[in-house]
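Participant: To start, I am sharing the structure in question, which I have written as structure tokens.
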Amino acid sequence: MTTLTFPGRFDSLPMIADFVRMSAQEAGLSSFQIYAVETAVDEACANIIEHAYGGEDIGNIECGCVITEKGLTIILRDTGRPFNPENIKNPDLNSSLEERSDHGLGLYFIRQWMDAVDFEFKPGSNTLTMSKFKENQT
Amino acid sequence: MTTLTFPGRFDSLPMIADFVRMSAQEAGLSSFQIYAVETAVDEACANIIEHAYGGEDIGNIECGCVITEKGLTIILRDTGRPFNPENIKNPDLNSSLEERSDHGLGLYFIRQWMDAVDFEFKPGSNTLTMSKFKENQT
Amino acid sequence: MEITHTQFKHCDVVKVTGRVDSSTAPLLSEALTKITEAGRYRIVVDMAGLDFISSAGLRALISTQKTCRRYNRGEIVLSGLPANIAATLDLAGFTPLFKIFPDATSAVGNF
Amino acid sequence: MEITHTQFKHCDVVKVTGRVDSSTAPLLSEALTKITEAGRYRIVVDMAGLDFISSAGLRALISTQKTCRRYNRGEIVLSGLPANIAATLDLAGFTPLFKIFPDATSAVGNF
Ligand SMILES: Nc1ncnc2c1ncn2[C@@H]1O[C@H](COP(=O)(O)OP(=O)(O)O)[C@@H](O)[C@H]1O
Ligand SMILES: Nc1ncnc2c1ncn2[C@@H]1O[C@H](COP(=O)(O)OP(=O)(O)O)[C@@H](O)[C@H]1O
Chain A
1 MTTLTFPGRF
11 DSLPMIADFV
21 RMSAQEAGLS
31 SFQIYAVETA
41 VDEACANIIE
51 HAYGGEDIGN
61 IECGCVITEK
71 GLTIILRDTG
81 RPFNPENIKN
91 PDLNSSLEER
101 SDHGLGLYFI
111 RQWMDAVDFE
121 FKPGSNTLTM
131 SKFKENQT
Chain B
139 MTTLTFPGRF
149 DSLPMIADFV
159 RMSAQEAGLS
169 SFQIYAVETA
179 VDEACANIIE
189 HAYGGEDIGN
199 IECGCVITEK
209 GLTIILRDTG
219 RPFNPENIKN
229 PDLNSSLEER
239 SDHGLGLYFI
249 RQWMDAVDFE
259 FKPGSNTLTM
269 SKFKENQT
Chain C
277 MEITHTQFKH
287 CDVVKVTGRV
297 DSSTAPLLSE
307 ALTKITEAGR
317 YRIVVDMAGL
327 DFISSAGLRA
337 LISTQKTCRR
347 YNRGEIVLSG
357 LPANIAATLD
367 LAGFTPLFKI
377 FPDATSAVGN
387 F
Chain D
388 MEITHTQFKH
398 CDVVKVTGRV
408 DSSTAPLLSE
418 ALTKITEAGR
428 YRIVVDMAGL
438 DFISSAGLRA
448 LISTQKTCRR
458 YNRGEIVLSG
468 LPANIAATLD
478 LAGFTPLFKI
488 FPDATSAVGN
498 F
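Okay, here's the thing in structure tokens:
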């Protein structure tokens, strides 16, 4: 497992994306799977900055990549405020344009495009563990 | 010198162009010079069909390519009616759109883009000899 | 991310390339708002050179679409979507909300 | 030569590829005439895929330009000219007679 620590700023996002893309490639994911992982990580990190820290430069984002037999596992850790993911409902994708919310897609993207998603909150440390499994190569 | 004889029809034009392009390449002309030669030959052959023969399938077009030290010489021969090139004036390229003639560009293209142009009319045989010289390669 | 804006007779074309994430989405948002604030509501976003878009980028698109469609005065349409970008828009349920054209030319021709 | 015709809101785009010589120019002429005879006088000829044009092809362009400009009802514009084609148009003195755009999108946007 390789773990890198990035400042909790939006301009860390392209660097985090590079790191995750490289790991996903190494893990043998397909090109669309790599894109899906990049999306999930970008959304998760943006949420850490916006919601857990409530702004830029408040704390760090620790990003670990583990290449497993099945694919890639990513572990994101922050020291901001915790939240209850069960309270966050999926967005209504059938609502009309006027009623469509501008927000609420990030968590949905993560849940839809990752194969396993787990939040864990301990005092002073929030951990999101997500995995993407290689396509059936038969 | 390679000489090929084509039926005097418009659909011979792409074949004649292929033959001339190949020869021009072999003669060492630059890519724009090749294009210029292709244009001149296309115009000359169209004139043979339209004006010398007055229509398609009346007679043949003989096309000879000679690679010289200076470049490429093309000899086009037909058995249609002769004409006096000296009587053909250059088109007026400054006239307004309304006054611009639809015709008269072919011979002008030939004269402008070839380095030497010579018409010769003998009873039953008209010959156009045109040359393009390689660019100064200093 | 790079943004090029061209104003045409009947519409504006915004060509966006590279990555639109939370750090760059505000610039896209700004470019689109500049157009609608000038009273122009027919916009083509040409995505042919786009590598990545996050939900922050989608936010800019949907809020501009709301502004444009108001009073039926126009709309924002998309062109040249790379496959990954198309998949993201689809996942977000955006496909019914935006006209999508294969290339910028046909998008501009539609206005 | 291949010709594709697309009718847009404010103009028609004729994409012509390959060789326009005396044998194929009549087809180009026909495609353009079909448009003007339908009362549409704003035409983009997209030459991005054009390999060769002879004076016969230029004839089709200039006579369509005359038809389009009459009564100020429109014009034919050109886009995507390869260098050799641009040189031919220039030699023919056509450059002042046609608006020339780098690509079809900006040509369509101009109408
Ligand atoms: N890392 C996080 N820390 C705290 N709250 C979060 C976090 N991630 C998501 N949330 C909460 O979940 C909500 C939905 O998140 P998301 O789907 O990413 O949409 P958005 O960020 O656009 O609101 C957020 O508005 C926020 O209240
Ligand atoms: N090979 C030829 N045989 C007879 N007449 C010719 C020939 N080439 C050119 N001409 C004459 O020269 C005129 C100008 O030719 P050109 O510049 O090619 O324009 P266009 O063919 O469009 O009239 C022709 O209209 C024709 O009268």
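Chains A, B, C and D supply the protein sequences, listed in that same order. Oh and the first sequence: position 78 is 78 in my numbering, straight run, nothing missing. Oh and the second sequence: position 23 is 161 in my numbering, straight run, nothing missing. Oh and the third sequence: position 70 is 346 in my numbering, straight run, nothing missing. Oh and the fourth sequence: position 66 is 453 in my numbering, straight run, nothing missing. Ideal Cβ placement from N, Cα and C applies to all residues, glycine included.
Pull out every residue of the stretch 40 to 55 of chain A whose Cβ sits closer than 7 Å to any Cβ of chain C, in chain order.
Facilitator: Listed in sequence order: D42, E43, A46.
Participant: Taking all protein chains shown into account, decide if E278 of chain C is buried (16 or more other Cβ within 10 angstroms of its Cβ) or exposed.
Facilitator: Burial call: exposed.
Participant: Answer yes or no: do S416 of chain D and F148 of chain B have a C-beta to C-beta separation smaller than 7 Å?
Facilitator: Contact: no.
Participant: Please go through the same chain and pick out, in chain order, the residues whose beta-carbon is closer than 7 Å to the beta-carbon of V255 of chain B, but skip the five residues on each side of it.
Facilitator: Counting only Cβ-Cβ distances below 7 Å, and skipping sequence neighbours, we find I248, R249, M268.
Participant: Taking just the CA atoms, how far does A155 of chain B sit from E258 of chain B?
Facilitator: Those two C-alpha atoms are separated by around 22 Å.
Participant: In the DSSP assignment, the alpha helix (DSSP H) including E207 of chain B goes from what residue to what residue?
Facilitator: Taken as a continuous stretch (DSSP letters only), E207 of chain B belongs to no alpha helix (DSSP H), as it is neither H nor E.
Participant: Does DSSP classify E120 of chain A as helix, strand or coil?
Facilitator: Note: E120 of chain A maps to strand in three-state DSSP.
Participant: Just to check, is the beta-carbon of L245 of chain B closer than 6 Å to a non-hydrogen atom of ligand 2?
Facilitator: For ligand 2, at least one heavy atom lies less than 6 Å from the Cβ of L245 of chain B.
Participant: Cβ closer than 7 Å: which chain D residues qualify as neighbours of A380 of chain C?
Facilitator: Those within 7 Å of A380 of chain C in chain D are T492.
Participant: Nearer than 6 Å: is that true of the beta carbon of N386 of chain C relative to any heavy atom of ligand 1?
Facilitator: No, the Cβ of N386 of chain C stays beyond 6 Å of every heavy atom of ligand 1.
Participant: Our contact map puts L392 of chain C next to A332 of chain C with C-beta atoms below 8 Å; I'd like the distance itself, whole angstroms only.
Facilitator: Limits of chain C in this structure are 277 at one end and 387 at the other, which puts residue 392 of chain C out of reach.
Participant: Does the Cβ of I186 of chain B lie closer than 6 Å to at least one heavy atom of ligand 2?
Facilitator: Result yes, Cβ under 6 Å from ligand 2.
Participant: Where does the unbroken alpha helix (DSSP H) through K310 of chain C begin, and where does it stop?
Facilitator: Segment 301 to 313, the alpha helix (DSSP H) holding K310 of chain C.
Participant: CB-CB under 7 Å to H286 of chain C, same chain, minus the five flanking residues each way: which ones, in chain order?
Facilitator: Excluding residues within five positions, the ones whose Cβ falls inside 7 Å are R318, F387.
Participant: In its own chain, which residues sit with a C-beta less than 6 Å from the C-beta of L468 of chain D, not counting the 5 before and 5 after it?
Facilitator: Taken in chain order, the residues that qualify are M434.
Participant: What is the DSSP secondary structure of F284 of chain C, reduced to helix, strand or coil?
Facilitator: If DSSP states are grouped into helix, strand and coil, F284 of chain C belongs with coil.
Participant: Tell me whether G444 of chain D sits in a helix, a strand or coil according to DSSP, three-state version.
Facilitator: The answer is helix: DSSP assigns G444 of chain D an H, G or I state.
Participant: I'd like to know whether the C-beta of V432 of chain D is nearer than 7 Å to at least one C-beta of chain C.
Facilitator: Answer no: the Cβ-Cβ gap between V432 of chain D and chain C never drops below 7 Å.
Participant: Is it true that the CB of L437 of chain D sits closer than 7 Å to the CB of I487 of chain D?
Facilitator: In this structure, L437 of chain D does not lie closer than 7 Å to I487 of chain D by Cβ.
Participant: Counting Cβ pairs closer than 8 Å, one from the stretch 393 to 408 of chain D and one from the stretch 363 to 380 of chain C, do we hit at least three?
Facilitator: No: fewer than three Cβ pairs fall under 8 Å.
Participant: Output the distance between the C-alpha atoms of D288 of chain C and R345 of chain C, rounded to the nearest integer angstrom.
Facilitator: Answer to the nearest angstrom: the Cα atoms are 15 Å apart.
Participant: Can you tell me the Cβ-Cβ gap for G218 of chain B and Y191 of chain B, rounded? I've got them flagged as a contact below 8 Å.
Facilitator: Confirmed, Cβ separation roughly 4 Å.
Participant: State the Cα-Cα distance for the pair N87 of chain A and V384 of chain C, rounded to the nearest angstrom.
Facilitator: Between N87 of chain A and V384 of chain C, the C-alpha separation is close to 43 Å.
Participant: Tell me whether Q283 of chain C is buried or exposed, calling it buried when 16 or more other Cβ atoms sit within 10 Å of its Cβ.
Facilitator: With fewer than 16 Cβ atoms within 10 Å of its Cβ, Q283 of chain C is classed as exposed.
Participant: Between G244 of chain B and chain D, is any beta-carbon pair separated by less than 7 Å?
Facilitator: Closer than 7 Å to some Cβ of chain D, the Cβ of G244 of chain B qualifies, so yes.
Participant: Let me know the secondary structure DSSP gives K227 of chain B once reduced to three states.
Facilitator: It is coil, neither helix nor strand.
Participant: Under three-state DSSP, which class holds Q1 of chain A?
Facilitator: Going by the sequence as given, residue 1 of chain A is Met instead of Gln. DSSP places M1 of chain A in coil when its eight states are reduced to three.
Participant: Identify the residues that DSSP records as bridge partners of V201 of chain B: which are they?
Facilitator: Sequence check: residue 201 of chain B is Cys here, not Val. B:L142, B:L214.
Participant: Please classify E181 of chain B: is it buried, with 16 or more other beta-carbons within 10 angstroms of its beta-carbon, or exposed?
Facilitator: When all chains shown are included, E181 of chain B counts as buried.
Participant: Going along chain A, which residues have a C-beta under 8 Å from D297 of chain C?
Facilitator: Residues of chain A passing the Cβ test: F10, L13, P14, A17, D42, A46.
Participant: Please tell me whether E26 of chain A and I67 of chain A are closer than 7 Å, where the distance is taken between their beta carbons.
Facilitator: Yes, the Cβ-Cβ distance between E26 of chain A and I67 of chain A is below 7 Å.
Participant: For a test of your reading of the model: does the CB of H189 of chain B fall under 6 Å from any non-hydrogen atom of ligand 2? Yes or no.
Facilitator: Yes - ligand 2 has a heavy atom lying nearer than 6 Å to the Cβ of H189 of chain B.
Participant: Name, please, each residue of chain B whose Cβ falls closer than 9 Å to the Cβ of I487 of chain D.
Facilitator: Result: empty, since nearest Cβ-Cβ is about 15 Å, beyond 9 Å.
Participant: Chain C partners of D102 of chain A, CB-CB under 8 Å?
Facilitator: In chain order: R335, I338, S339.
Participant: In angstroms with no decimal places, state the Cα-to-Cα distance between P85 of chain A and S96 of chain A.
Facilitator: The straight-line gap from Cα to Cα measures roughly 26 Å.
Participant: Does the beta carbon of I376 of chain C fall short of 6 Å from some heavy atom of ligand 4?
Facilitator: In the structure on display, ligand 4 does not appear, and the ligands it does have are ligand 1 and ligand 2.
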